[in-house]
Amino acid sequence: MILTPKAMRNAEKYAVDCGISLWELMCNAGYELSKIVRKIAYDKMVKNVVILCGKGNNAGDGYVCANHLIADGMNVSVINVLGEPKSELGIKAFSLLDDRVKISDESVITEADIIIDAVFGTGFKGDLPENVKTIFILAENSSAYRIACDCPSGVDCLTGKVSNGSFHFDETVTFHSEKIGCLLKPATEYCGEIKVCDIGIPYDLEKYSDIEITLLDDDFPADVMPERIADGHKGTFGKANLICGSNQYKGAAALSLASALRSGVGLVELFSDKEICDSLFTQLPEAIYTKIDKSDIDASISKITSKKSTATLIGCGLGDCDKRLVEEMISQSVSPLIIDADGINLISENINVVLNAKDKVILTPHPAELSRICGVSVEEILADRLLYAVKVAKDLNCIVVSKGADTFITDGKTVYLNKSGNTALSKGGSGDILAGLICGIVAQGVEPLKACACGCYILGKTAEILSESLSERGIIGSDIISALPYVFKILDI
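All residue numbers for the sequence shown refer to numbering that gives the first Met the number 0, where the first residue is 0 and numbers rise by one.
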């Protein structure tokens with residue numbers, strides 16, 4: 000289970016409604032943390048533990064942990080880096096602190112074998128105070144084994160943003176569930192191994208969250224991709240129609256088309272300018288080519304809609320054409336419609352046109368495109384990309400693929416998180432490849448939300464596998480496309 004900070008707070012409230020007090024949860028958290036620390040101390044044959052505590056409930060977890068460790072014969076020092084606690088539960092836990100626990104200053108950090116961070120919890124946002132940074136520098140430079148309580152201090156548990164001055168951990172002991180921000184870059188680089196401990200909160204996602212977050216893995220594509228039946232033919236595996244390319248962006252059409260052809264779909268037809276079709280015919284002879292004049296929207300739409308498909312992609316390299324081309328496709332397409340890049344930009348000021356769709360619409364924005372859809376700055380999108388994606392999906396009854404170093408795929412209720420990939424994809428054309436791949440997978444009959452998740456994971460996995468033998472710096476889009484069949488084999492699809 001993966002939760003947002005808000006959902007975690009709701010989970011705690013739900014526990015209280017079920018008769019489990021917040022004090023019991025704190026005691027359980029401190030005890031579970033102490034069990035992990037105790038094992039590490041025994042394995043390493045060390046005794047000196049330093050616990051950094053803040054002024055809230057996260058500090059309370061640390062104080063409870065300290066009592067268990069001191070009872071086990073360890074040398075435990077507590078540093079109240081922000082002074083004595085201020086929260087009700089933190090004050091209570093501090094008042095019950097065993098007399099044998101030393102209240103110390105940062106000088107004991109140099110002698111620590113294990114350092115526990117219990118300063119800030121999952122609700123942290125903003126910047127670390129300067130005095131905290133000073134202590135954290137000592138912790139970062141220490142040779143001690145470092146453990147974060149619930150989450151590393153300085154990490155935003157919604158966005159994955161990390162405050163300047165945070166330090167790195169060998170492991171993070173988190174409670175009840177993983178926190179979404181700790182799974183996102185750059186926070187994931189600070190958390191180390193993440194261990195989830197049960198602290199007694201009943202597991203009932205519907206009671207405390209309106210979204211379900213699932214982390215994609217190697218098993219996912221094989222679970223959702225259709226079987227290649229032995230007597231299948233080109234009609235068996237669907238047809239993808241692509242409306243892509245312009246004289247300015249010929250490459251976008253080529254990449255999306257090549258990717259769709261490699262997806263396993265039976266037929267792929269490109270609708271584009273005469274020059275695009277003529278130039279790509281010899282390069283990709285497996286596709287069908289239909290020439291359209293995008294200055295004549297009605298004739299273009301008539302040509303496109305007369306050709307049946309099981310999925311349609313519009314937008315990759317479309318250029319600055321009449322937005323009616325996209326609007327009419329939304330209202331007339333009778334198969335799922337993937338809208339990417341220029342397709343999104345053309346309708347971003349009138350995004351509610353998506354509500355006119357006869358079938359499911361899939362939007363695949365990067366942060367700047369999502370900002371245009373939402374009418375907010377890119378900075379605001381990056382500060383809350385998951386929730387903006389969920390909001391758009393809910394408001395427009397569509398699927399949103401919110402692209403980034405970590406990608407969210409959502410229909411407004413279910414969220415898939417894709418972490419596969421690397422900087423080999425940080426180049427022009429990656430979005431076109433993804434759009435073509437998604438279109439091809441949808442066309443094969445995979446449920447659109449799962450098809451989007453599958454496409455994102457496969458693209459990232461391909462980059463990872465190629466990077467085992469090639470430099471991320473030098474890999475280009477055509478390398479990715481050529482490697483797709485090899486990766487399909489590895490993933491058993």
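C-beta atoms are modelled at their ideal positions from N, C-alpha and C, and glycine is treated no differently. Quick caveat: nothing in here was measured; it's all calculated off a predicted structure.
Here the stretch 303-319 lies against the stretch 430-448, with 3 or more beta-carbon pairs under 8 angstroms apart. By the C-beta criterion, the stretch 397-410 is judged to be in contact with the stretch 439-459, since at least 3 inter-stretch pairs fall below 8 angstroms. Residue 79 is bridged by DSSP to 52. Residue state for residue 431 is assigned as helix, using DSSP reduced to three classes. Of 291, 341, 225, 259, the smallest CA-CA separation from residue 491 is found for 225.
Under the 8 angstroms Cβ criterion, the stretch 469-480 does not count as touching the stretch 286-295, having fewer than three qualifying pairs. At least 9 angstroms separates the beta-carbon of residue 352 from that of residue 336. Sequence-distant partners of residue 339 (beyond 5 residues in either direction) whose C-beta falls short of 6 angstroms from its own C-beta, in its chain, are 314, 315, 363, 434. The C-beta of residue 17 has fewer than 16 other C-beta atoms within 10 Å across all chains shown, which makes the residue exposed. Within the same chain, 243, 244, 269, 271, 275, 279, 315, 316 come within 7 angstroms of residue 252 by CB-CB distance, once the 5 residues on both sides are set aside. By the criterion of a C-beta distance shorter than 8 angstroms, residue 486 is surrounded in its chain by 457, 460, 461, 464, once the five residues flanking it on both sides are discounted. Three or more Cβ pairs closer than 8 angstroms define a contact, and the stretch 178-190 meets that threshold against the stretch 146-159. DSSP places residue 482 within a helical segment (H, G or I) once states are collapsed to three. For residue 196, the secondary structure class from DSSP, reduced to helix, strand or coil, is strand. With contacts defined by Cβ atoms closer than 9 angstroms, residue 104 and residue 121 do not form a contacting pair. Annotation: the continuous alpha helix (DSSP H) that includes residue 133 extends over 129-140. Cβ atoms of residue 267 and residue 239 come within 8 angstroms of each other, at about 5 angstroms. With 16 or more other Cβ atoms from the protein chains shown falling within 10 Å of its own Cβ, residue 77 counts as buried. The three-state secondary structure of residue 106, taken from DSSP, is helix. Judged by DSSP in its simplified three-state form, residue 304 adopts helix.
The stretch 54-63 makes contact with the stretch 85-96: 3 or more CB pairs, one atom from each, lie closer than 8 angstroms.
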